[in-house]
Amino acid sequence: MLESKLKKIDNELKFIFYPSNNYSDISSNAPIIISKKMKVSIDTSFEMIKNKLLEKSDTELQTFNNEKTSTEHNHRNLYKYIEKAWLQNGFLNINVSDNFIISGLNNVLDDSFLEVEKKGLNVNLEYVSANPTGPLHYGNSRSVYGDSLARVLRFLGYDVLTEYYINDAGAQTITLAHSVFEEYKKISLSNKDELKNYTDLNPNKGLEILYKGQYIIDIAQKIFKNDGDIWLSKDYIEHFKKIAIYDVLQIIKKDLLSVGIEHQSWVTESSVQEKAIEAIEILRSKGLVYEGILDEKKSSKGKEYKQKLQIFASKKLGDDEDRALTKHDGARTYFANDIGYFYDKIQRKFDWLIVILGADHDSYAKRLSYAVKSLEDVKLTIKTCQMVTFKSGEEVIKLSKRSGNALSLRETVNNIGKDIFRFSMLSKNLDSHLSIDIDKIKEFSTNNPFFYIQHAYGRIASSLKNFTYSKENLYKEENNLNDDKDKVNCKTNGTSGSEIIKESILLDELGGEINSIDDFTNSMKQMSKTILEWRRIIESLSRNLEVHRISIYLNKIAENFHVLWTEGKENESSKFLHSNERLKLILCARKIIRKSLDLLGIEAYEEF
RNA sequence: GCGCUCUUAGCUCAGCUGGAUAGAGCGACGGCCUUCUAAGCCGUAGGUCGUAGGUUCGAACCCUACAGAGCGUGCCA
Numbered sequence: 095m096l097e098s099k100l101k102k103i104d105n106e107l108k109f110i111f112y113p114s115n116n117y118s119d120i121s122s123n124a125p126i127i128i129s130k131k132m133k134v135s136i137d138t139s140f141e142m143i144k145n146k147l148l149e150k151s152d153t154e155l156q157t158f159n160n161e162k163t164s165t166e167h168n169h170r171n172l173y174k175y176i177e178k179a180w181l182q183n184g185f186l187n188i189n190v191s192d193n194f195i196i197s198g199l200n201n202v203l204d205d206s207f208l209e210v211e212k213k214g215l216n217v218n219l220e221y222v223s224a225n226p227t228g229p230l231h232y233g234n235s236r237s238v239y240g241d242s243l244a245r246v247l248r249f250l251g252y253d254v255l256t257e258y259y260i261n262d263a264g265a266q267t268i269t270l271a272h273s274v275f276e277e278y279k280k281i282s283l284s285n286k287d288e289l290k291n292y293t294d295l296n297p298n299k300g301l302e303i304l305y306k307g308q309y310i311i312d313i314a315q316k317i318f319k320n321d322g323d324i325w326l327s328k329d330y331i332e333h334f335k336k337i338a339i340y341d342v343l344q345i346i347k348k349d350l351l352s353v354g355i356e357h358q359s360w361v362t363e364s365s366v367q368e369k370a371i372e373a374i375e376i377l378r379s380k381g382l383v384y385e386g387i388l389d390e391k392k393s394s395k396g397k398e399y400k401q402k403l404q405i406f407a408s409k410k411l412g413d414d415e416d417r418a419l420t421k422h423d424g425a426r427t428y429f430a431n432d433i434g435y436f437y438d439k440i441q442r443k444f445d446w447l448i449v450i451l452g453a454d455h456d457s458y459a460k461r462l463s464y465a466v467k468s469l470e471d472v473k474l475t476i477k478t479c480q481m482v483t484f485k486s487g488e489e490v491i492k493l494s495k496r497s498g499n500a501l502s503l504r505e506t507v508n509n510i511g512k513d514i515f516r517f518s519m520l521s522k523n524l525d526s527h528l529s530i531d532i533d534k535i536k537e538f539s540t541n542n543p544f545f546y547i548q549h550a551y552g553r554i555a556s557s558l559k560n561f562t563y564s565k566e567n568l569y570k571e572e573n574n575l576n577d578d579k580d581k582v583n584c585k586t587n588g589t590s591g592s593e594i595i596k597e598s599i600l601l602d603e604l605g606g607e608i609n610s611i612d613d614f615t616n617s618m619k620q621m622s623k624t625i626l627e628w629r630r631i632i633e634s635l636s637r638n639l640e641v642h643r644i645s646i647y648l649n650k651i652a653e654n655f656h657v658l659w660t661e662g663k664e665n666e667s668s669k670f671l672h673s674n675e676r677l678k679l680i681l682c683a684r685k686i687i688r689k690s691l692d693l694l695g696i697e698a699y700e701e702f
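FYI, in my numbering the residues of the first sequence are 95 to 702.
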């Protein structure tokens with residue numbers, strides 16, 4: 095009876111293990127919710143829940159709880175561990191016995207805490223997809239978010255394919271060809287009079303603003319070197335486009351690599367032309383495509399066209415306006431081809447499509463999602479990221495791609511270092527408008543939270559090393575060194591290279607799993623709870639995709655560690671060297687920190 | 001005009017799908033090192049969470065209006 099009623103209010107109930115507010119070990123709003131729904135006093139509902147919890151195992155508790163706490167922590171038979179349950183401000187608070195926490199820590203030590211079952215779900219994660227018209231600039235800085243998201247989702251058991259969509263079919267690529275030709279002309283016609291008298295074959299030339307930059311000159315020189323001046327009298331567009339896009343993509347790939355990004359799949363706009371035709375027919379069959387003329391005031395700036403167009407009736411679906419699928423010259427719009435691209439994704443049978451767009455495309459997200467949802471009811475998440483502005487002191491650095499003087503992504507990264515760069519980009523919500531003082535994050539100093547975390551990791555390594563020095567036989571173990579996650583790098587004095595021992599051997603040497611902790615101080619408990627909180631935070635990322643929470647978490651666990659360290663400064667017996675329990679605890683922390691950094695795509699340094 | 005995002009400490013930002021006393025770093029001030037990395041720890045000062053209403057047992061978070069900032073508002077991509 096009670097259970098069936100409880101199940102109905104399932105989604106309002108929350109049981110939070112190791113809540114960050116530190117009121118208790120487990121906190122729940124159950125008394126408030128149940129008293130309201132069952133029309134009993136809060137005291138009565140609290141007593142009911144308490145009795146229920148104490149008399150049985152927590153299998154009920156799990157059924158009430160939306161979050162899959164079962165994987166987060168081994169808390170079967172929770173009732174055995176309940177030490178104290180009380181009501182405060184309408185909340186149920188539970189304190190658990192040390193053994194409960196210890197069993198959680200042991201799950202970390204045996205790595206089961208870090209294991210996740212495969213979900214059997216395919217995710218297509220598209221991000222960056224910048225036009226191939228030039229090197230990436232700092233405006234693309236947030237692209238590391240997509241990379242980290244891929245790592246997180248993979249960890250959580252999804253099969254993720256990362257993808258980059260190349261717009262190789264639009265007007266901008268023609269502009270690119272013109273831009274290269276402009277330089278090609280200068281190279282081919284070194285004589286100034288010749289240059290002056292040369293008339294371009296292409297009639298549309300000069301209407302657009304050309305791209306500039308060294309890369310344009312490089313491409314022009316390459317073409318001249320191969321072909322000489324033959325293109326002066328030929329239709330160069332297709333050839334120049336092809337070469338330029340290819341070369342620019344090589345640059346972009348290098349740019350991405352400089353921040354640690356490597357897409358698995360590259361799809362071109364030109365390859366999804368057929369899909370676009372198919373997809374539009376599907377939309378037409380659903381009454382969402384018609385031939386007509388768009389509102390005059392909505393038509394292209396300063397131009398009036400009278401040709402009928404194919405139009406997507408997105409207004410029907412909630413958009414502000416209907417959207418053109420073809421242009422006056424009959425060619426498909428970018429939007430139409432994008433529909434084709436997404437139709438292609440749908441046919442490739444992904445369970446979840448994720449797209450990360452720049453802020454300048456966020457109005458686009460709406461119409462795209464209407465089109466995709468009309469094709470098929472696929473799970474689609476479009477995230478837009480707000481812009482990053484960089485400043486140096488008070489001076490804001492301007493972004494201008496076509497003038498050729500935009501600060502490039504690679505320059506920016508090389509300036510401040512890949513890991514720090516990634517960390518600062520991954521510490522903030524994608525929705526927030528970021529303003530980064532380039533002088534500050536460049537500073538290789540204490541001011542940077544990045545070092546705070548790395549320093550904690552380094553100190554842990556140092557502490558474990560000191561322990562291993564005291565155990566000669568650890569060095570004698572020769573083991574397979576293939577498993578990266580299991581290594582403890584130990585640089586020994588004077589010997590060549592580094593000696594490596596396995597964490598599992600280290601753990602054996604420490605006496606294996608934790609049985610009990612004699613002096614379980616508050617700071618140790620705090621550290622333990624932070625460690626055990628990790629799983630809940632990571633799992634929440636598949637819902638909110640907010641990778642930056644890892645960075646925030648790292649800061650917290652690092653802080654907990656530094657406190658422990660300082661205790662050792664103040665009290666000899668609190669030194670790690672003198673406490674196997676403390677060493678095991680920081681071994682847990684080490685695993686968690688390393689895994690977290692790994693999810694961010696940042697290297698964990700043992701020394702620096 | 002309209003759409004999206006944002007507005008939290010002097011500055012840069014967190015705030016866990018509404019929860020109990022709003023947090024961190026930097027900056028300011030004051031303590032703590034004869035060896036486990038002071039790249040650290042502890043403390044002090046600093047906030048009517050843009051403004052005004054509403055919903056709720058409960059709001060920084062949801063709704064409405066208003067004010068500011070950024071981005072968009074093409075038959076560009």
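Each residue gets a CB set at the ideal place from its N, CA and C atoms; glycine is no exception. The structure displayed is predicted, hence computed values, not measured ones.
DSSP bridge partner residues for residue i (one or two, in chain order)
| i | result |
| --- | --- |
| Phe406 | Val383 and Arg417 |
| Asn218 | Leu255 and Leu447 |
| Asn189 | Lys178 |
| His527 | His527 pairs with nothing; no bridge assigned. |
| Cys682 | Answer is none; Cys682 lacks a bridge partner. |
| Thr362 | Ile260 |
| Ser634 | According to DSSP, Ser634 bridges with nothing at all. |
| Ile110 | Ser121 |
| Leu474 | Leu447 |
| Gly452 | Cys479 |
| Phe484 | Ile530 |
| Glu489 | Ser486 |
| Ser502 | His231 |
| Arg426 | Thr420 |
For residue j and residue i, believed in contact at Cβ under 8 Å, the rounded distance
| i | j | result |
| --- | --- | --- |
| Leu469 | Ala373 | 6 Å |
| Phe185 | Asn123 | 6 Å |
| Trp325 | Tyr278 | 7 Å |
| Ile143 | Pro125 | 6 Å |
| Lys485 | Asp531 | 6 Å |
| Ser282 | Asp329 | Contact flag wrong, Cβ pair sits at about 16 Å. |
| Asn665 | Pro543 | About 27 Å separates the two Cβ atoms, so there is no contact after all. |
Residue i vs residue j beta-carbon contact at 7 Å
| i | j | result |
| --- | --- | --- |
| Glu220 | Tyr259 | yes |
| Asp693 | Val246 | Note that residue 693 corresponds to Leu in the displayed sequence, not to Asp. Yes. Within cutoff. |
| His196 | Ile608 | According to the sequence shown, residue 196 is Ile rather than His. Yes, these two residues count as a Cβ contact at 7 Å. |
| Tyr173 | Leu148 | yes |
| Asp389 | Tyr464 | no |
| Leu451 | Val472 | no |
| Ser118 | Asn187 | yes |
| Asp438 | Leu215 | no |
| Leu243 | Leu558 | no |
| Ser129 | Ser139 | yes |
| Ala425 | Ile405 | no |
Close Cβ partners of residue i (< 7 Å) along its chain, the five nearest in sequence each way excluded
| i | result |
| --- | --- |
| Asp192 | Ile611 and Phe614 |
| Asn236 | Going by the sequence as given, residue 236 is Arg instead of Asn. So the qualifying residues of the chain are Cys479, Val482, Met519 and Leu524. |
| Lys689 | Leu208 |
| Gln401 | His422 |
| Gly591 | Model confidence at Gly591 stands at a pLDDT of 35, short of 50, so the residue's coordinates are unreliable and nothing is read from them. |
Contacts around residue i, its chain only, beta-carbon distance under 6 Å, and the 5 residues preceding and following it disregarded
| i | result |
| --- | --- |
| Tyr399 | His422 |
| Glu363 | Asn261, Asp262, Ala263 and Asn431 |
| Arg248 | Val254 |
| Leu528 | Val482 and Lys522 |
| Asn159 | Model confidence at Asn159 stands at a pLDDT of 40, short of 50, so the residue's coordinates are unreliable; what they give is reported in the following sentence. Phe109. |
| Trp180 | Asn187 |
| Glu627 | Tyr112 |
| Gly716 | For the chain, the structure presents residues 95 to 702; residue 716 sits outside this window and is missing. |
Neighbourhood of residue i by C-beta, 8 Å cutoff - its chain only, sequence neighbours within 5 removed
| i | result |
| --- | --- |
| Ile339 | Pro226, Ile260, Asp262, Thr267 and Leu270 |
| Pro229 | Gly307, Tyr309, Val342, Ile345, Ile346, Asp349, Ser502, Leu503 and Arg504 |
| Ser526 | Gln480 |
| Arg553 | Phe655, His656 and Trp659 |
| Glu697 | Asp513 and Leu691 |
| Leu604 | Phe561, Asn674, Leu677, Lys678 and Leu681 |
| Ile631 | Arg643, Ile644 and Tyr647 |
**Asked** Is there contact here, the segment 633-643 with the segment 505-515, by at least three beta-carbon pairs under 8 Å?
**Response** Counting Cβ pairs under 8 Å, fewer than three are found: no touch.
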